[in-house]
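K.L.:
Dumping the structure here so I can ask a few things about it.
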Amino acid sequence: MIESMSHGIGVDIAFLLLATLAVVTAWRVFRTDSMVRASFFLLVSFIAVGVIMILLAAEYLGVAMFFMMAVEMTVMALFMVMFMMNPAGLNPMNMVHQERISIGAGVVSFLVLSAMALLAVFPDRPVSAGLDPVRSLGNEMLGDSMLIFESAGLVLLTTMIGVVVLSSHRGRYGAATEGSLPPGLESGGDPAGKPEEDEDGEDGGHHHHHH
Amino acid sequence: MIVEELVLPVLMVFFMLAAGAYTVAVLDRVIAGALGTPQTGSVWIAPLARGAWLMTQHANATEAPDWRAWRLAPALYLSLAAIGLAVVPWSGSLVATDLVTSVVLWGSVEALATVVIFLHGWSANALFALIGGYRYVALGLSYILISMFVLIGVALPAESLQFTQVVASQEELWNVIRQPLGLPLFLIVGLGMTFWGPLNLADSADLAGGTAAEISGPPRLVWDVARAAMLVAFSGVATSAFLGGWLGPWLPGPLWVAIKMLAVLLVLLLLGRLLPRLAPERCVTLMWVILLPLSFIDLVWAGVGALL
Amino acid sequence: MFPVLGVQGDKALRHLTLSPDIELVDSPRHASVLLVAGEIPADRFEPLRRVHDQLPYPFTTLWFRCEPWPHLENVTRIDDLDVLPAALVTAYHELMEGRRESSPRILLDKPPNPWEGAGDFGQGGEGMMGGVPYGRPMAMNMEDDIRDGLTLDSLTFRLGPFFFAFPPGMAAEITLQGDLVQTWKTQRAPYPQSLDPVFFAARKRLVPIAALELARARHHLYRLFHALHLAGLESASLSALRLANNLSTTSTLDGLRRYLSRSGFFRLAAIKGGELGPEQARRIGGPAARAAGLDEDLRSDDAGYRRLGFSPVCQASGDTRARWRQVLAEIDQSLQLARQAERDDVSTSEVDRIETPRGPWLEKRPEDASALLDEILPGQEWGDALATIASLDVAAVAEAPLDTQTTGESPITELSDDEGGPA
Amino acid sequence: MTLATLLLLAAALIGIGIYGALSQQSFVMLMMGLELILNGVMLAAVAFWAFSGAGAPEGQLLTIIVMAVMAIEMTMGFALVVAVFRGKQADTTESLTGLKH
């Protein structure tokens, strides 16, 4: 097995706590009734991983994780509230499909990956004490790997333009919704949820299956 | 070693939290009195009396709130303020946590503040609180980019993401002069992240208190203290980033920091009392259309300055 | 202290705003003392009970010129405005020192409807959504969005009749999509507002124009005070109130006007939108109509006013901003007319055609126009919508003049009293 | 805190993420599953960087790139959700049976 870096018992305890927190909150994401709560559980999981990264001396990455994920999860929670019914968890929620297969896939991938983690032999070359991780990352990003870094930036810019086009109300050929109909409540049934033909007012616009 | 690395910084942050929040309360009362709000009693005792009143009051309940999030949110906001205060250097060596990425840490405090304030509004399961939460997300997503560009601007001449280095880099010229756009933009960010005065969209009067509309008693006390402490933390960061932190003649460094922080606080509180609350829509437009390009210019300015 | 405004309660509110010991709050959750100011009509008892129960323990109530409910123990009724602040402070101190018991809750602490799990997983209704958790419909996208076509879940709720930003007594059912008002239904009209006695006197006999115009300016300043509080300009709102209370023919509006334009009230604050069409403007009448460009003012028909060279001022656009510019201009005009009229000792020449600050009073008093809000507010953001309400004087004019305790016999001496003085 | 324990944690996060991405009906919940997978990947990358990469800067760079990928994934995802929602008022995967309107 791999020799650990030299660190105190405090770091080990902290790691154990954070690891538990990360896994438990990750699990709660899919087990809570409220989607807003789910996205904030995910945020806690990310923050726990970020702190672990700081413990691993990747100071920039850990802190960057905090603010990246804080913004991402805020947006996510906002979208939840915007699009989903029941964002507040007033109703119990269980919106899953193919659950058995999914559980199987999750467990199998966990087993395979952990087997790899435990059985494979990785080289033991810890970070040298004199390394300044932030400086080395900066030099790499704006030095040898500048092309990669810049392409990532370019892709982000393209994405931004793309999503504005995708989500705007009016496309190049007229209104985005023109000619589209919501799916029926029964398969093949009448379109649901369009306000003008909404007969059963209780049901609003959503359409959900149970499995 | 434990005493030096853990106990001392924690004590320092606690002291700053308490003293800072008290200062803000007193200052705001003095300003309000000067602007014509009728008041009696001593300005020094009034904040304490208010605290005592909130402590005796019961924390109330709304119908089916998200209890954990609702009670945690004020405490989380307070701890974010504490993190902010912890990165403020009082002198070259006197700083609670001298993380090499403290500038980025402050950035994440700003981002997490959005989360916490939204959570506070959302979890009350009440109308005005929820609208306040929404509004804050719109505001938070707008100011965070401006803040990032401005902060990168001050990190450039320092060639470091560490606040102590940022202050040290201002030995010759303070950033407030070197990057003239920086401090005004950053002050607007500060008003936004503490939702104070003109940018108080989350806890505003037209929402009967917004995210705080439904809280009473000790949670309200924590929330008020946290807002005041966040204002102090922000002015500390602004001091280090733009006003040369502990640098200054004659007086010892920490005293300079305190004086500069008081000055920033005074400006923020005055702005808060003198300006009307911005309409949310206009506020977001202003941020994206005018202030964000300005922060680009500030960044380019800083970059060119660093190259020369 | 959270004020619950009854009929004519706003006068007490204004008095308390300037009392240094009392902090008025906008949410009952922030209060320790509930003040019921003025007579509450019986159909507002139910909301009052709910507000009463929202105050956090320990709390107490004070009833000002209103009969306390018999089942409440140790409540205080106050009738004199002058002793009200002191009574409030005493009640508060007694409460904090434990000498006064907290009021009990009136309603039972239970959800309005039982929780019913009907769906497969215990949820409220069919499907993942639907159902009525605790008796309220869930947020749903029932209506097309009126802004950008992205139909999101909307939120329907009722507000009032004690919401501070509404005219006292008004209640409405509102559907919001995000921050945007989707539909607005005014359910209860605001209480009729009481005008200054001088307007009632002017219906009976000829009165000096100076008194009439000062009362008019004061009425507008009170509205400005409320709107500025809503806009977050606390100090300006207080100076508007002080100006109104000490109004005389030597007062000027210049300081307040300068402060408002410098602070960016007309440019930054949420006072966009709220345009009135000519037809709508006519239904409200008064300054709101003139702000929409209608050149109608009964004062033009009055020989006394004609002698003073009166001609109505107007704005063009008819939105909230124009209404406030109009109000400022009319206050200015009123002060100027009052100065001139006092110097030349001019009186009115008509008794059947009086222009009240609320609008023209011909055969009938100006009537309630709160139903108009249903047409104007949809499509506005919440802040703009509230600012629009604040800028529109929709409440009807009450039968009796302000302060029923003084009979309208000596309006002139009454006017010289400070508004907050003994009644 | 050893490489093995870190990788176990990463494996657990990835496993939960895969379960979520496969089982959730709602688009946004599905995206949460994907994010969780990437969370595990980032942790593993940093763990390798710290314990067996001798602090090679490319290890950190990889994590940065993964973060960028997450951002892209999320923005694209939300843009598609908005587009679909405009067209069909749908927010679950089952509501989509074709690629056309």
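Chains as they are written, first to last, in my numbering: chain S, 277 to 487; chain B, 182 to 489; chain H, 12 to 434; chain Y, 46 to 146.
Glycine included, every Cβ here is placed at the ideal spot set by N, Cα and C.
Quick caveat: nothing in here was measured; it's all calculated off a predicted structure.
If you reduce the DSSP assignment to three classes, tell me which class alanine 182(H) lands in.
P.N.:
Of the three classes helix, strand and coil, the one that applies to alanine 182(H) here is strand, per DSSP.
K.L.:
Using a threshold of 8 Å, state whether the C-beta atoms of threonine 282(B) and valine 410(S) are closer than that.
P.N.:
Yes. Within cutoff.
K.L.:
Using beta-carbon positions only, say whether alanine 438(H) and alanine 221(H) come within less than 8 Å of one another.
P.N.:
The structure shown does not extend to residue 438(H), since chain H is modelled only from 12 to 434, so the question has no answer here.
K.L.:
Measure the C-alpha to C-alpha separation of alanine 314(S) and leucine 380(B) and round it to an integer number of angstroms.
P.N.:
Spanning the two alpha carbons is a distance of roughly 29 Å.
K.L.:
Leucine 456(B) and glycine 266(H): beta carbons closer than 8 Å?
P.N.:
Contact flag unset, no.
K.L.:
What residue ranges within the region 212-268 of chain H form continuous alpha helix (DSSP H) runs of no fewer than 4 residues, ordered along the chain?
P.N.:
Whole alpha helix (DSSP H) segments, 4+ residues: 220-241, 245-256.
K.L.:
If you measure from the beta carbon of threonine 278(B) to each beta carbon in chain S, is any gap under 8 Å?
P.N.:
Threonine 278(B) does not count as touching chain S.
K.L.:
Can you tell which of Gly406(S), Leu389(S), Ser404(S), Met349(S) has its C-alpha closest to the C-alpha of glycine 85(Y)?
P.N.:
Residue Leu389(S) is the option with its Cα nearest to glycine 85(Y).
K.L.:
Going along the chain, which residues of its own chain have a beta-carbon closer than 7 Å to the beta-carbon of threonine 101(H), five neighbours each way excluded?
P.N.:
Closer than 7 Å at Cβ, skipping near neighbours: no residue.
K.L.:
Give a yes or no on whether the C-beta atoms belonging to serine 323(B) and proline 338(B) are separated by under 8 Å.
P.N.:
Not closer than 8 Å, so no.
K.L.:
Quick check on the burial criterion: 16 or more other C-beta atoms within 10 angstroms. Buried or exposed for threonine 434(S)?
P.N.:
Counting Cβ neighbours within 10 Å, threonine 434(S) comes out exposed, since fewer than 16 surround it.
K.L.:
Taking glutamate 335(S) as the query, report the chain B residues whose CB atoms sit under 8 Å from its CB, ordered along the chain.
P.N.:
Those are Leu280, Val281, Thr282, listed as they occur along chain B.
K.L.:
In its own chain, which residues sit with a C-beta less than 8 Å from the C-beta of aspartate 379(H), not counting the 5 before and 5 after it?
P.N.:
Answer for aspartate 379(H): Ala200, Pro201, Pro203, Val405, Ala406, Ala407, listed in chain order.
K.L.:
Pull up the DSSP beta-bridge partners for arginine 199(H), would you.
P.N.:
Beta-bridge pairing links arginine 199(H) to Ala182(H).
K.L.:
Glycine 65(Y) and leucine 54(Y): beta carbons closer than 8 Å?
P.N.:
Their beta carbons are not under 8 Å apart, which means glycine 65(Y) does not touch leucine 54(Y) by this criterion.
K.L.:
Is leucine 106(Y) close to chain S? Criterion is C-beta to C-beta, closer than 8 Å.
P.N.:
Closer than 8 Å: yes.
K.L.:
If alanine 262(B) and alanine 407(B) are in contact, beta carbons under 8 Å, what's the gap, nearest whole angstrom?
P.N.:
Their Cβ separation, rounded to whole angstroms, is 5 Å, which keeps alanine 262(B) and alanine 407(B) in contact under 8 Å.
K.L.:
Helix, strand or coil: which one does DSSP assign to tryptophan 248(B)?
P.N.:
Three-state DSSP puts tryptophan 248(B) in a helix.
K.L.:
At 8 Å on the CB atoms, spell out the chain S contacts of valine 127(Y), in chain order.
P.N.:
Leu442, Ser443, listed in chain order.
K.L.:
Can you tell me which of the three DSSP states valine 192(H) falls into?
P.N.:
Residue state, collapsed to three classes: strand.
K.L.:
Using C-beta distances below 7 Å, list every residue in its chain close to leucine 51(Y), excluding the 5 sequence neighbours before and after it, in chain order.
P.N.:
Correct list, in chain order: Leu88, Ala92.
K.L.:
What distance in whole Å lies between the Cβ atoms of serine 421(B) and leucine 370(B), which are believed to be in contact at a cut-off of 8 Å?
P.N.:
Rather than leucine, the amino acid found at residue 370(B) in this sequence is valine. With 8 Å as the limit, valine 370(B) and serine 421(B) do not qualify as a contact, their Cβ atoms being about 15 Å apart.
K.L.:
State the CB to CB distance for the pair threonine 218(B) and serine 246(H), rounded to an integer number of angstroms; the pair is presumed to be in contact (CB under 8 Å).
P.N.:
Yes, threonine 218(B) and serine 246(H) are in contact; Cβ-Cβ is about 7 Å, under 8 Å.
K.L.:
When you compare the region 257-272 of chain H with the region 43-56 of chain H, are there three or more beta-carbon pairs, one atom per stretch, that lie closer than 8 Å?
P.N.:
Not touching, per the Cβ criterion.
K.L.:
Given a threshold of 16 other Cβ atoms within 10 Å of its Cβ, counted over all protein chains shown, does aspartate 355(H) qualify as buried or as exposed?
P.N.:
Aspartate 355(H) is exposed by the Cβ-count criterion.
K.L.:
Is the region 387-397 of chain H in contact with the region 185-195 of chain H, if contact means three or more CB pairs nearer than 8 Å?
P.N.:
At 8 Å Cβ cutoff, the stretches touch.
K.L.:
Are any of the Cβ atoms in chain H nearer than 8 Å to that of leucine 300(B)?
P.N.:
False, the Cβ-Cβ gap to chain H never drops below 8 Å.
K.L.:
Residues in its own chain within less than 6 Å of leucine 319(S) by CB, not counting five upstream and five downstream?
P.N.:
These residues qualify, in order along the chain: Met345, Met349.
K.L.:
Report the rounded CA-to-CA distance for methionine 76(Y) versus cysteine 77(H), giving the unit in angstroms.
P.N.:
One C-alpha to the other measures close to 58 Å.
K.L.:
Shorter than 8 Å from the beta carbon of threonine 308(S) to some beta carbon of chain Y?
P.N.:
By this cut-off, threonine 308(S) is not an interface position.
K.L.:
Determine, using beta carbons only, whether isoleucine 226(B) comes closer than 8 Å to chain A.
P.N.:
Any reference to chain A falls outside this structure, whose protein chains are S, B, H and Y.
K.L.:
If you follow the beta strand (DSSP E) that glutamate 9(H) is in, where does it begin and where does it stop?
P.N.:
Residue numbering for chain H in the displayed model covers 12 to 434; residue 9(H) lies beyond these limits and cannot be assessed.
K.L.:
Let me confirm a value: glutamate 462(S) is counted as buried when at least 16 other C-beta atoms fall within 10 Å, else exposed. Which label applies?
P.N.:
Per-residue confidence for glutamate 462(S) stands at a pLDDT of 49, beneath the threshold of 50, marking its modelled position as unreliable; no derived number is given.
K.L.:
Mind checking the region 81-97 of chain Y against chain S and listing, in chain order, the residues whose C-beta falls within less than 8 Å of any C-beta there?
P.N.:
Listed by position, the residues of the region 81-97 of chain Y near chain S (Cβ gap below 8 Å) are Leu81, Asn84, Met87, Leu88, Val91, Ala92, Phe93, Trp94, Ala95, Phe96, Ser97.
K.L.:
Tell me whether glycine 326(S) sits in a helix, a strand or coil according to DSSP, three-state version.
P.N.:
If DSSP states are grouped into helix, strand and coil, glycine 326(S) belongs with the helices.
K.L.:
Taking buried to mean at least 16 other C-beta atoms within 10 Å of its own C-beta, is isoleucine 289(S) buried or exposed?
P.N.:
Under this definition isoleucine 289(S) is an exposed residue.
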